[in-house]
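In mature numbering (1 follows the signal peptide of the UniProt record, and there is no 0), the protein residues as written are -29 to -1, 1 to 617.
Next up, the structure:
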């Protein structure tokens, strides 16, 4: 029999008193012990805490809001989901079907995270920063990535020397195709939801349509199947000799509240069938997984999480579908490396490393289910180190590609920093990086010293591909008959003459002061030099900014003043997320919902509102938006609680 001291009993008794005071009451069988707190009572506390957060807009007020949310989560997932769904509906924070679907899918994950985190801990501050923008970004938790010997890069070998005698080849980069297989021609393209062009209810096809969806898409909608087929046809026409195609994820559409595991599987299978039919057999496809390519959306539990096997079905499915392109070893890696794999493209010394970036994604709420520091969720970082190290030893170069750029505003700063350490070590092996997620045409640069961002310190770059969703020329008759694809711009031809003078002073690779030689690499030095042109020449920057959205009109495209330009250049130079200059705050991210049962004139509506709804769709769930709007709408204009009945 174990021996307990008197002090032990005293401590235990004190702990019991505190526990009985703090925990909700409950009933076991027919013997009443302690009654559960009612969700209705907690809902009032949530609204009161939301009013305080609305007024204070501070980190402390956000943590105070987490207290009643934790109490609600402690009752159970069902109570958390039903209460948050009811709040969403009664306060008209989203359409009722979105409230039910999105809260139903993401609610249990957030409830689990709330139960697992300490309100006063670092995890809660990270959570408050992501959801509400009320806590400042947390300083990076110090961690040194472990590298095999040697721990320093080998001596520099010039790119020209590596490539001498090898013919250049073309590569296709696709991203964020977001194919809607239920896209309905003639349905409302300007609806109350954050994505349109479907008949969302049985009687919807009978009402007056203000902006009917055309066959090949709309900027407020996902991509119809025929648009994706048209894109693949354009690939074969423009780059018939492409050696391979990479996709940086997000195949599945944005109707997150309607999705299920089977619909996600069907959409992924459907796209892979389109690739088989649409790409030439010599054009090998290499895929990566996006935050939308799972169910629930964004939900990638860590191996340390409850239900850690809950996402294995998508890894198994992708492994099976991709095996025809990546082989048995690559397919096995997809299954056992949480969706990541590496293969050497046949006939080259180029290794392709596909990574699952969702374990670094701030809207993957499984990342908040513990206060324990976990620097490398699911071993993605160690996988990259292993593959780059073997490539270095074999004299290979490497392409790294994944969905979310490591410098994105919604990347976890810890993992972005640790990934940057890998880039520092293996930058001479990394030939290029490719990402998506933002839906814009962008690039990012990594430096050996982020305090001195100059051409000498620029060591790596990442190209960010835009989404397939059309943004321009949709009023042309030809677009609705058959889209006409054309060369939009060439970075070498468009920017080369502007960058050449700077490059010629530091290198002999420019043939003269006004042009680049055909062998001049578009490397990190080139891209950094371009940012210096942006800083000095507003006209050139304005042209770049327009190209980001493919010259889209408002609300997607917009003017960019001096402050916007400085932030944009800073973000380009911030492949390490902690060096990003765009910091969200509660006033930046909270906007009112669209009017219920009303068609929104986008030409007149708030750009911030529309863009936030669009960004929220990329986040993969409207539950964060619902929680933000709850804070924003805690008061009506008179300082009285708005119960949503008006």
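From the three backbone atoms N, C-alpha and C, an ideal C-beta is built for every residue, glycine too. Computed from a predicted model, the values in this text were never measured in an experiment.
Beyond the five residues adjoining it in sequence on each side, residue 278 comes within less than 7 Å, by CB distance, of 272 in the same chain, given in chain order. By the neighbour-count criterion, in which 16 or more other beta carbons inside 10 Å mark a residue as buried, residue 395 falls on the buried side.
Taking a contact as a CB-CB distance under 8 Å, the pair residue 282 and residue 264 does not count as one, their CB atoms being some 10 Å apart. When only Cα atoms are considered, residue 316 and residue 322 end up about 6 Å apart.
Counting along the chain, the unbroken beta strand (DSSP E) around residue 413 starts and ends at 413 to 418. Counting only the Cα atoms, residue 525 lies some 32 Å from residue 61. At least 8 Å separates the beta-carbon of residue 19 from that of residue 105. 331 is the residue among 319, 65, 416, 331 whose C-alpha sits nearest the C-alpha of residue 269. When only Cα atoms are considered, residue 339 and residue 15 end up about 25 Å apart. Within its own chain, the residues whose Cβ lies closer than 6 Å to the Cβ of residue 408, once the five positions on either side in sequence are excluded, are 374, 375, listed in chain order.
Less than 8 Å separates the beta-carbon of residue 436 from that of residue 412.
Partner residues in the beta bridge of residue 432, as assigned by DSSP, are 416. Secondary-structure assignment with DSSP links residue 442 through no beta bridge to anything.
Taking C-beta separations shorter than 6 Å and ignoring five residues to either side along the sequence, the partners of residue 289 in its chain run 305, following chain order. Contact between residue 162 and residue 99 is absent: CB atoms are separated by about 32 Å, not below the 8 Å threshold. Here residue 311 is buried: its Cβ has 16 or more other Cβ atoms, across all protein chains shown, within 10 Å. Each residue's CA atom was taken as its position, placing residue 212 and residue 255 some 11 Å apart. The Cβ-Cβ distance between residue 89 and residue 342 falls below 8 Å. Between residue 549 and residue 542, the alpha-carbon positions lie close to 10 Å from each other. Boundaries for residue 455: no alpha helix (DSSP H) harbours it, and the DSSP string shows neither H nor E there. Linking residue 186 to residue 371 through their CA atoms gives a straight-line distance of about 35 Å. Three or more pairs of CB atoms, one per stretch, sit closer than 8 Å, so the region 154 to 170 contacts the region 218 to 234.
Taking one beta carbon from each stretch, the region 427 to 442 and the region 488 to 504 have 3 or more pairs nearer than 8 Å; the two touch. It is roughly 6 Å from the alpha-carbon of residue 467 to the alpha-carbon of residue 487. Of all C-beta pairs linking the region 509 to 519 to the region 416 to 431, fewer than three are shorter than 8 Å, placing the two stretches out of contact. One alpha carbon belongs to residue 75, the other to residue 198, and they sit about 31 Å apart.
The Cβ-Cβ distance between residue 43 and residue 67 does not fall below 8 Å. A direct Cα-to-Cα measurement between residue 540 and residue 530 gives close to 15 Å. In the three-state scheme derived from DSSP, where H, G and I count as helix and E and B as strand, residue 216 is classed as strand.
Judged by DSSP in its simplified three-state form, residue 408 adopts coil rather than helix or strand.
For residue 250 and residue 295, the gap between their C-alpha atoms comes out near 14 Å. Residue ranges of uninterrupted alpha helix (DSSP H) with 4 or more members, entirely inside the region 489 to 514 and ordered along the chain, are 495 to 507. Take the alpha-carbon of residue 420 and the one of residue 63: they are about 48 Å apart.
Going by beta carbons, residue 400 and residue 359 fall inside the 8 Å limit.
Judged by DSSP secondary structure, residue 352 falls within the alpha helix (DSSP H) whose first and last residues are 351 to 364. Contact between residue 221 and residue 261 holds: their C-beta atoms lie close to 3 Å from each other, under 8 Å.
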